[in-house]
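Shown next, in C-alpha cells, is the structure this report addresses.
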Amino acid sequence: MKNSEAARIFSEMANILDLAGENPFRIRAYRRAAMVIEGLPRDIAGMSKDELKKIPGIGEDLASKLLEIVETGTCKAYEAARRKSPAGLSLLLSIPGLGPKTARAIYEKFPIGSIDELERLAAGHRLKAAVPKIKDKTEQNILRGIELVRKGAGRRPLGKALPVAQDIISHLREKAPVKQLQIAGSLRRWKETIGDIDILATSDDPERVMDIFIHLPQVKQVLARGDTKSTVILAEGMQADLRVVEEGSFGAALCYFTGSKEHNIRLREMGVKRGFKINEYGIFDKKGKKIGGGKEEDVYRVLGLPLIPPELREDSGEIAAALSDKLPKLIELDDIRGDLHVHTKLSDGHNTALELAEAAIARGWAYIAVTDHSKGLGIARGLSVERMLEEIAEIDALNRKLKGFRILKGVEVDIRSDNTLDLPDEVLSKLDIVNASVHSGFRQTSEKITGRITAAMRNPFVTTISHPTGRLLGERDAYQVDMEEVLRVAADTGTAIEINAFPARLDLNDITARKARDMGIPLVISTDTHILEHFDYMSYGVAIARRAWLEPKDVVNTFELNKMLEVLHKKRLILK
Ligand code: DGT
Ligand code: CA
Ligand code: CA
Ligand code: ZN
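Numbering-wise, numbering that gives the first Met the number 0 puts 7 at position 8 of the sequence shown, and it's gapless, one number per residue.
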C-alpha cells in the first residue's frame with residue numbers, strides 16, 4: 000500500500016514549505032492531497048496518471064509526483080526540499096502543538112539536534128529568555144508535546160495500523176501457502192491504539208510461509224526468524240509477528256493471541272477451577288488429554304460460555320455477562336442507516352451533496368445530514384447565514400428528486416469562546432441536525448470549556464455534540480473538559496453525543512461511550528466525512544461502539560428516519 004507513504008511525503012512536504020515561508024496555496028494543496036490520499040480505499044500503486052488526476056485535489060503536478068513515489072518510493076522535489084531544510088527544524092515541527100512560526104523562531108536561536116535538547120531548554124526556561132514569542136505557556140505546551148511524542152512512540156492509532164495489517168494479510172494470502180489466516184491481538188479487539196500486529200496462520204509448509212513473510216516488500220528488518228514464528232519491523236515502523244500453528248490448535252491460539260491478557264487470565268482461572276488446562280495449544284483435561292482447540296468456540300464452550308466477541312475481551316464485565324447470558328447483541332455495520340456528520344465542498348469537504356447522497360445510497364443508507372461548518376471557523380471556509388440559507392434551498396431541491404433517501408439539512412455549528420453559538424436560533428430552527436463543536440480555545444480551563452459545551456446543549460436546537468473531547472490520537476490530548484458534567488447535562492437536556500469515527504479522533508472513546516449509554520444518553524456514530532471515501536470510517540465508529548457494549552437501540556442513526564428525528568428533536572419540546 001503506497002497511499003500512507005505518499006500521504007506522509009506530501010504532508011512532510013507541506014511542513015517543509017511552511018517552515019520556509021513558501022506560498023500558502025502550495026502548502027494547502029499538499030496538505031489536502033495528503034488527506035485525500037490517506038483516505039483513499041484504492042491503492043495508488045497501479046493507477047494510471049489519468050486515474051490519479053481524477054482524485055479530488057490531484058492535478059497534473061501532484062499526479063506526476065505520485066507516479067514517481069509509486070515507482071521509486073520517494074520524489075525528487077521532496078528529497079531536494081528535505082536536503083535544504085535542516086533536520087532540527089523538522090524535529091521541532093514533529094512536536095504536537097508547535098507550529099512552523101514558533102519552530103522557526105526557536106531554531107534561529109537554538110539550532111537543536113534532539114528532542115532531549117529541546118526538553119532541557121524548555122524545562123530550564125531558556126527558550127522564554129532567548130526567544131521573543133515564547134512565554135511560560137509555550138514552554139509548558141512544548142513539554143506536554145514532548146511527553147505526547149514519547150508516550151505515543153511505538154503505538155499507532157488503529158486507523159493507521161489496520162490498513163498496514165490488511166496489506167500484509169492480502170500479500171500473504173496471495174503468495175504464501177496458508178490455509179487459515181487471521182489478525183489477532185489488539186487489532187482484532189479494535190483497540191484505539193496498537194502496539195504491534197499479531198497474525199496467526201495454519202499451513203502445510205510453515206517454513207515456506209516464514210520465508211515469504213520475512214521477504215515481503217513491506218519488511219524493513221527481520222528481528223527473529225523461526226520455523227513457526229517470525230518477528231519483523233515494517234517499513235512503516237510497526238512491528239509484526241506471524242505465527243503458524245497446528246490446525247487443531249488454531250482456535251486456542253486465536254483466543255490466546257487475541258487477548259486481552261487480562262481476559263485470558265480470567266479464562267485460564269475458570270478453566271483451572273473446572274479441571275481444565277487452557278493455553279495457546281488447546282484445552283486439556285486432568286489427564287492431559289486434548290479435548291479441543293481447533294475452534295475458538297471450544298475454549299468458551301468448555302467453560303460453559305457463549306463465544307465472547309473480541310471487542311469485549313477486556314475483563315470489563317464480559318465474563319460475568321456471558322455467564323448469566325447477558326452479553327449485549329452488539330451493533331453491526333449493517334445496522335447503520337445513515338451518517339449525520341458530513342461536509343461538502345461548500346465548507347472544507349471535496350464533494351457535492353448529491354455526490355455524497357449517491358455514495359450513501361450505494362452503501363444502502365437511507366439518509367445523510369449535510370453539516371458544513373458555520374462561519375466562525377475561518378480556516379474551514381465556514382458558511383455565512385446567507386450561504387447557509389442557500390444550501391438549505393439546494394437541499395430541498397435535491398430531496399424533491401431523490402426517492403427513498405433523504406438529505407437532511409444540518410450544520411456543524413461552532414461553539415464560540417464566549418459560550419454562544421455561531422448562528423442565530425432563527426437559522427438553527429430551520430435545520431434537521433445541529434452538530435455543535437469546539438474548534439478554538441483548546442487550552443481554556445476545565446470550567447470554561449465545560450461551560451461552553453453545556454451551554455450549547457441547553458440550546459433546544461442543538462441535536463448533537465460532535466467530537467466532544469477534541470483529542471487527536473497521537474497529536475493532541477483532549478481539552479480539559481469535564482465529561483462527567485457534559486454527560487449529566489446531555490442526559491438532562493436529551494442532547495445526543497457523537498462517537499466521531501474519523502480515525503484520528505475516535506471521540507467519544509469506548510469507555511465514555513459506555514458511560515453515556517448507561518445514563519440513557521442517545522448516541523450517534525458519525526464519520527465526519529470530507530471526501531466520499533471517508534464513509535468507510537463508519538466501521539471504526541461501529542468498533543468503538545461495540546467496545547462500549549452498544550446495541551442498535553443505543554445508537555440513533557440505526558433508526559429509520561422519522562424515529563431518529565423524533566429522538567433528536569424531543570428536546571425542542573422539553574426545553575422550549
Ligand atoms: P498491543 O500489541 O500492545 O496493542 O496489545 P496486544 O493485546 O496485541 O498484546 P501483545 O501483542 O503483547 O500480545 C498479543 C496477545 O497475546 C495478548 O492480547 C494476549 C496474549 N498474551 C501476551 N502475553 C501474555 C501473557 O503473558 N499472558 C497471557 N495470558 N496472555 C498473553
Ligand atoms: Ca499486538
Ligand atoms: Ca505481539
Ligand atoms: Zn466536522
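The C-beta atom is built at its ideal place from N, Cα and C for all residues, glycine as well. Since the model is a prediction, treat every value here as computed from it, not as a measurement.
Going straight from the alpha carbon of residue i to that of residue j, what length do you get?
{"i": "D135", "j": "R442", "result": "13 angstroms"}
{"i": "H374", "j": "D424", "result": "His is not the amino acid found at residue 374; the sequence shown has Lys there. Near 15 angstroms, if we compare the C-alpha coordinates of D424 and K374."}
{"i": "G247", "j": "G292", "result": "6 angstroms"}
{"i": "V69", "j": "A44", "result": "6 angstroms"}
{"i": "I466", "j": "D240", "result": "Sequence inspection shows His at residue 466; the Ile mentioned does not correspond to that position. Going from the Cα of H466 to the Cα of D240 covers about 34 angstroms."}
{"i": "H568", "j": "T462", "result": "7 angstroms"}
{"i": "D517", "j": "P309", "result": "21 angstroms"}
{"i": "D509", "j": "K75", "result": "43 angstroms"}
{"i": "D417", "j": "R451", "result": "7 angstroms"}
{"i": "A352", "j": "R336", "result": "17 angstroms"}
{"i": "A62", "j": "S10", "result": "15 angstroms"}
{"i": "Q139", "j": "R81", "result": "29 angstroms"}
{"i": "Y77", "j": "L16", "result": "10 angstroms"}
{"i": "I543", "j": "W189", "result": "7 angstroms"}
{"i": "G363", "j": "G38", "result": "21 angstroms"}
{"i": "Q479", "j": "A368", "result": "29 angstroms"}
{"i": "L422", "j": "V412", "result": "7 angstroms"}
{"i": "F249", "j": "K514", "result": "35 angstroms"}
{"i": "T494", "j": "Y106", "result": "46 angstroms"}
{"i": "I36", "j": "I198", "result": "26 angstroms"}
{"i": "M563", "j": "F404", "result": "14 angstroms"}
{"i": "P110", "j": "K83", "result": "14 angstroms"}
{"i": "T449", "j": "S436", "result": "12 angstroms"}
{"i": "S315", "j": "I264", "result": "13 angstroms"}
{"i": "I290", "j": "A321", "result": "22 angstroms"}
{"i": "L486", "j": "M237", "result": "36 angstroms"}
{"i": "E331", "j": "L126", "result": "51 angstroms"}
{"i": "P99", "j": "L18", "result": "5 angstroms"}
{"i": "A251", "j": "G281", "result": "5 angstroms"}
{"i": "L186", "j": "E59", "result": "37 angstroms"}
In the DSSP assignment, what residue or residues form a beta bridge with residue i?
{"i": "Q179", "result": "Its beta-bridge partners do not exist; DSSP assigns none."}
{"i": "A435", "result": "V412 and I464"}
{"i": "L382", "result": "S373"}
{"i": "A368", "result": "L407"}
{"i": "L522", "result": "I496 and V554"}
{"i": "A200", "result": "L180 and V243"}
{"i": "F283", "result": "K276 and K289"}
{"i": "K228", "result": "R242"}
{"i": "G337", "result": "Y366"}
{"i": "A223", "result": "T230"}
{"i": "D506", "result": "N499"}
Can you say whether residue i is buried or exposed, counting buried as having 16 or more other CB atoms within 10 angstroms of its CB?
{"i": "N2", "result": "buried"}
{"i": "L388", "result": "exposed"}
{"i": "K272", "result": "exposed"}
{"i": "H124", "result": "exposed"}
{"i": "A86", "result": "exposed"}
{"i": "T101", "result": "buried"}
{"i": "T444", "result": "exposed"}
{"i": "L283", "result": "In the sequence on display, residue 283 carries Phe and not Leu. Buried is the call here."}
{"i": "S323", "result": "exposed"}
{"i": "H214", "result": "exposed"}
{"i": "A5", "result": "buried"}
{"i": "F24", "result": "exposed"}
{"i": "A128", "result": "exposed"}
{"i": "G348", "result": "buried"}
{"i": "I524", "result": "buried"}
Apart from the five residues just before and just after residue i, which ones in its own chain have a Cβ nearer than 6 angstroms to its Cβ?
{"i": "A104", "result": "V130 and K132"}
{"i": "V488", "result": "T453 and M456"}
{"i": "K328", "result": "E550"}
{"i": "E191", "result": "L157 and L505"}
{"i": "Y29", "result": "F9, M12 and A13"}
{"i": "E235", "result": "V163"}
Here's a check: name, in chain order, each residue in its chain whose Cβ is nearer than 8 angstroms to the Cβ of residue i, leaving out the five neighbours to either side.
{"i": "S93", "result": "V148"}
{"i": "R7", "result": "A33"}
{"i": "D226", "result": "P205, E206 and M209"}
{"i": "L397", "result": "A352, L353, A356 and I406"}
{"i": "I464", "result": "N434, A435, S436, I452, A455, M456, V485, A489, T494, A495, I496 and E497"}
May I ask whether a heavy atom of ligand 6 can be found less than 8 angstroms away from the beta carbon of residue i?
{"i": "N263", "result": "Among the ligands present in this structure, namely ligand 1, ligand 2, ligand 3 and ligand 4, ligand 6 is not found."}
For residue i, I'd like the list of residues in its chain whose CB is within less than 7 angstroms of its CB, leaving aside the five on either flank, ordered along the chain.
{"i": "D334", "result": "P551 and T557"}
{"i": "A358", "result": "L531 and F534"}
Strictly closer than 5 angstroms from CB to any heavy atom of ligand 3: give me those residues in the order they appear in the chain.
D195, D197 and D240
Around ligand 4, what residues have a beta-carbon under 5 angstroms from a heavy atom of it, in chain order?
E411 and D527
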